[in-house]
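Asks: The listed protein sequences correspond, in order, to chains W and X. Take 2 as the starting number for the first sequence in our numbering and just add one per residue. Take 2 as the starting number for the second sequence in our numbering and just add one per residue. This is the structure I want to talk about, given as structure tokens.
2 protein chains.
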Amino acid sequence: MSSPKKTDRRVKYTKQAIRDSFLKLLSEKPIEKISVTEICREAEINRGTFYSHYTDPYDLRESLVKELIEAVRARMLELGVSTRLTAAQMFKLLKENQELCRIFAGPYGDKESMLKIIRSNATAYMEQESEVLCGLSEYAQSSVREMLIASIASVVKCWFDSGMQEPAEEISRLLDTFCAYGLAGFAPRQHFHADDSE
Amino acid sequence: MSSPKKTDRRVKYTKQAIRDSFLKLLSEKPIEKISVTEICREAEINRGTFYSHYTDPYDLRESLVKELIEAVRARMLELGVSTRLTAAQMFKLLKENQELCRIFAGPYGDKESMLKIIRSNATAYMEQESEVLCGLSEYAQSSVREMLIASIASVVKCWFDSGMQEPAEEISRLLDTFCAYGLAGFAPRQHFHADDSE
DNA sequence: CAAAATTTTCATCACACTGTTGATTATTTG
DNA sequence: CAAATAATCAACAGTGTGATGAAAATTTTG
């Protein structure tokens, strides 16, 4: 949709160079310390060329996030998970894009981007929940939905931070349990009573 | 602790001017578009003065976040909620600092700062949960803890976004229910079965 | 296949922002 | 009130920014 004809070879090369340079810098320091000049020095292109593609480093990052979202969505369609996406499936899709994910989830990535990526794919994951929530007020519904999304993003961030050692199934079980049953889901076997009084 | 003797009147005035100017700008645009020059023009002080207090706008924001954390913590001690903090109490404390919170939770605030604020006070809130989690692996424990914190931050953000209309008790019930029982906590009365198969 | 048309890349320029330094002015203390 | 201390400011050199029009590469067309 955005660019069905990326004919020009130069553009492809230039964009790749910018991308590589930017990701290298972004793994070293926060985006606010990265100047356009720096990106271009590293990429060995003229600064003007950068500006003909992006307005600033933030715009560039935005575009990479979109790219990642697109990539994940495309894979989803490929795999035919159109209706219901399991957490495990989602994690595997993200893992396929480690390079970008690691940076966006890392110390110099931002949670906002991470959330955008999660949110874009969380819809499918959360479809099942709507029936549970339909009894609540509009406000409560969106609050709960946001808590779910935040929980997903949080688990994913932990996962990336730890180098994605743990198997996707393990992590997705944690997430599913928490989302479905909260802390009670982790209680050994004892029954929790809903007593709120101190 | 940080400054028990803020004797000089000028400093107080200058810092207030910087703070006001910055917050005004931050409610209009993201921090990455805010220059030191701009802050000083608005605050009618010399740029050098800014640099004698902060290194850059990010440092300034950091300092405001710390200030907010301190304020909330101080109020906590005042109220004597040293051991267990209810969600409702926490929300009320945040509401007491609307001015800052609204900006940090708003469109140009960042989730990271919000999380820092929540995290700093979530310890007390979460003390109760540690017994539930102690059976899990280190990794699972921290994952779940992060999900809890993310949920709290998420609810708070929703709350601020909607202008803090809803009473703190309402919101805290949502949060408590979700954290304790997950989505199952919102199911009308029907029993959810832990069937994971599609 | 070559010349025109199109698109991308680059050198240069004027201007804004940065961070520092040392002089100037205000505040506190004895 | 005067000396000591601390904060504020004016000015400077260096760097990054964003725009413009020329040069170069690619694609299109006859």
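We put the CB at the ideal spot given by N, CA and C, even for glycine.
Against chain W, which members of the region 102-126 of chain X pass a CB distance test of less than 9 Å?
Replies: Within the region 102-126 of chain X, the qualifying residues are Asp111, Lys112, Glu113, Leu116.
Asks: At 7 Å on the CB atoms, spell out the chain W contacts of Ala151(X), in chain order.
Replies: In chain order: Ala151, Ser152, Ala154, Ser155.
Asks: Helix, strand or coil: which one does DSSP assign to Leu94(W)?
Replies: Of the three classes helix, strand and coil, the one that applies to Leu94(W) here is helix, per DSSP.
Asks: For a contact defined as C-beta to C-beta under 7 Å, what are the partners of Phe179(X) on chain W?
Replies: Those are Val145, Met148, Gly183, listed as they occur along chain W.
Asks: Since Pro58(X) is in the alpha helix (DSSP H), which residue starts that stretch and which ends it?
Replies: 58-80 is the span of the alpha helix (DSSP H), which, as asked, contains Pro58(X).
Asks: I need the DSSP call for Met165(W), collapsed to helix, strand or coil.
Replies: Correct three-state label for Met165(W): coil.
Asks: By the 10 Å Cβ neighbour count, where 16 or more other Cβ atoms means buried, how is Ser138(W) classified, buried or exposed?
Replies: Flag for Ser138(W) reads exposed.
Asks: Are the C-beta atoms of His192(W) and some chain X residue less than 8 Å apart?
Replies: For His192(W), the predicted structure reports a pLDDT of 49, less than 50, and the residue's modelled location is therefore unreliable. A value from the coordinates is still provided. Taking Cβ atoms only, chain X never reaches closer than 8 Å to His192(W), which makes this a no.
Asks: Name the residue from Ile32(X), Glu39(X), Ile46(X), Leu78(X) whose alpha carbon lies nearest to the alpha carbon of Lys16(X).
Replies: That would be Ile46(X), whose Cα lies nearest to the Cα of Lys16(X).
Asks: With DSSP run on the structure shown, which of helix, strand or coil describes Tyr28(W)?
Replies: Just to set this straight, residue 28(W) is Ser in the shown sequence, not Tyr. Reduced to three states, the DSSP call for Ser28(W) is coil.
Asks: Taking Cβ-Cβ distances shorter than 8 Å, what residues in chain W pair up with Ser163(X)?
Replies: In chain order: Tyr140.
Asks: Which runs of the alpha helix (DSSP H) fall wholly inside the region 102-153 of chain X and span at least 4 residues, in chain order?
Replies: Counting whole runs of 4 or more residues, the region 102-153 of chain X contains the alpha helix (DSSP H) stretches 112-127, 131-134.
Asks: Determine, using beta carbons only, whether Cys159(W) comes closer than 8 Å to chain X.
Replies: Yes - at least one Cβ of chain X is within 8 Å of the one on Cys159(W).
Asks: What are the residues of the region 10-32 of chain W that lie near chain X, defined by any Cβ-Cβ distance shorter than 7 Å?
Replies: Taking 7 Å as the Cβ-Cβ cut-off against chain X, none of the residues of the region 10-32 of chain W qualify.
Asks: Would you say Ala188(X) faces chain W, with C-beta separation under 8 Å as the test?
Replies: Closer than 8 Å: yes.
Asks: Please confirm whether Phe92(X) and Ala141(X) have their CB atoms less than 8 Å apart.
Replies: No.
Asks: Within 10 Å of its beta-carbon, does Leu184(X) have 16 or more other beta-carbons around it, so buried, or fewer, so exposed?
Replies: Result: buried.
Asks: Looking only at its own chain, which residues have a Cβ that is under 6 Å from the Cβ of Ala106(X), when we skip the five neighbours before and after it?
Replies: The answer, listed in chain order, is Met115, Lys158, Phe161.
Asks: Pull up the CB-CB distance for Val37(X) and Phe23(X), whole angstroms please, since I reckon it's below 8 Å.
Replies: With 8 Å as the limit, Val37(X) and Phe23(X) do not qualify as a contact, their Cβ atoms being about 10 Å apart.
Asks: Please list the terminal residues of the continuous alpha helix (DSSP H) segment that includes Thr87(W).
Replies: No alpha helix (DSSP H) holds Thr87(W); DSSP gives it neither H nor E.
Asks: Run down chain W in chain order and give the residues with a C-beta less than 8 Å from the C-beta of Gly136(X).
Replies: Phe187, Pro189, listed in chain order.
Asks: Assign Ala75(W) to one of two classes, buried (16 or more other C-beta atoms within 10 Å of its C-beta) or exposed (fewer than that).
Replies: So Ala75(W) ends up on the exposed side.
Asks: Going by beta carbon distance, what residues of the same chain come within less than 7 Å of Lys96(W), once the five residues before and after it are set aside?
Replies: Met165, Ala169.
Asks: Does Asp196(W) have its Cβ less than 8 Å from a Cβ in chain X?
Replies: With a pLDDT of 45 at Asp196(W), under the threshold of 50, the modelled position of this residue cannot be trusted, and the question is left open.
Asks: How big is the Cα-Cα spacing for Ser163(W) and Glu43(X)?
Replies: Spanning the two alpha carbons is a distance of roughly 44 Å.
Asks: Secondary structure at Glu45(X), three-state DSSP: helix, strand or coil?
Replies: Coil at Glu45(X), not helix or strand.
Asks: With distance defined between alpha-carbon atoms, name the residue in Leu175(X), Arg62(X), Asn98(X) nearest to Leu26(X).
Replies: Comparing Cα-Cα distances from Leu26(X) to each of Leu175(X), Arg62(X), Asn98(X), the minimum goes to Arg62(X).
Asks: In or out: Arg146(X) buried (at least 16 other Cβ within 10 Å) or exposed?
Replies: Arg146(X) comes out buried.
Asks: Would you verify that the beta carbon of Tyr52(W) is, or is not, closer than 8 Å to some beta carbon of chain X?
Replies: It does not: the Cβ of Tyr52(W) has no partner Cβ on chain X nearer than 8 Å.
Asks: Leaving out five residues on either side along the sequence, give the residues of the same chain with a beta carbon under 6 Å from the beta carbon of Ala88(X).
Replies: For Ala88(X), where only same-chain residues beyond five positions count, the Cβ hits under 6 Å are Ser173, Leu176, Asp177.
Asks: Could you tell me which chain X residues have their CB closer than 7 Å to the CB of Glu130(W), listed as they occur along the chain?
Replies: Ordered by position in chain X, the residues that pass the 7 Å Cβ test against Glu130(W) are Leu184.
Asks: Can you tell me whether DSSP reads Tyr182(W) as helix, strand or coil?
Replies: It is helical.
Asks: Which bits of chain W does Glu39(X) rub up against, with CB to CB less than 9 Å?
Replies: Within chain W, no residue comes near Glu39(X); the closest Cβ sits about 15 Å away, beyond 9 Å.
Asks: Taking C-beta pairs closer than 8 Å, name the residues in chain W that Tyr55(X) reaches, listed in chain order.
Replies: Within chain W, no residue comes near Tyr55(X); the closest Cβ sits about 14 Å away, beyond 8 Å.
Asks: Would Ser70(W) and Ser121(W) be called neighbours here (beta carbons separated by less than 8 Å)?
Replies: It is worth fixing the name first, because residue 70(W) is Ile in this sequence and not Ser. Against a cut-off of 8 Å, the Cβ pair of Ser121(W) and Ile70(W) comes out as a contact.
Asks: Please look up how many angstroms separate the CB atoms of Ala151(W) and Ser155(X), rounded, as I've assumed it's under 8 Å.
Replies: Contact holds; Cβ gap of about 4 Å.
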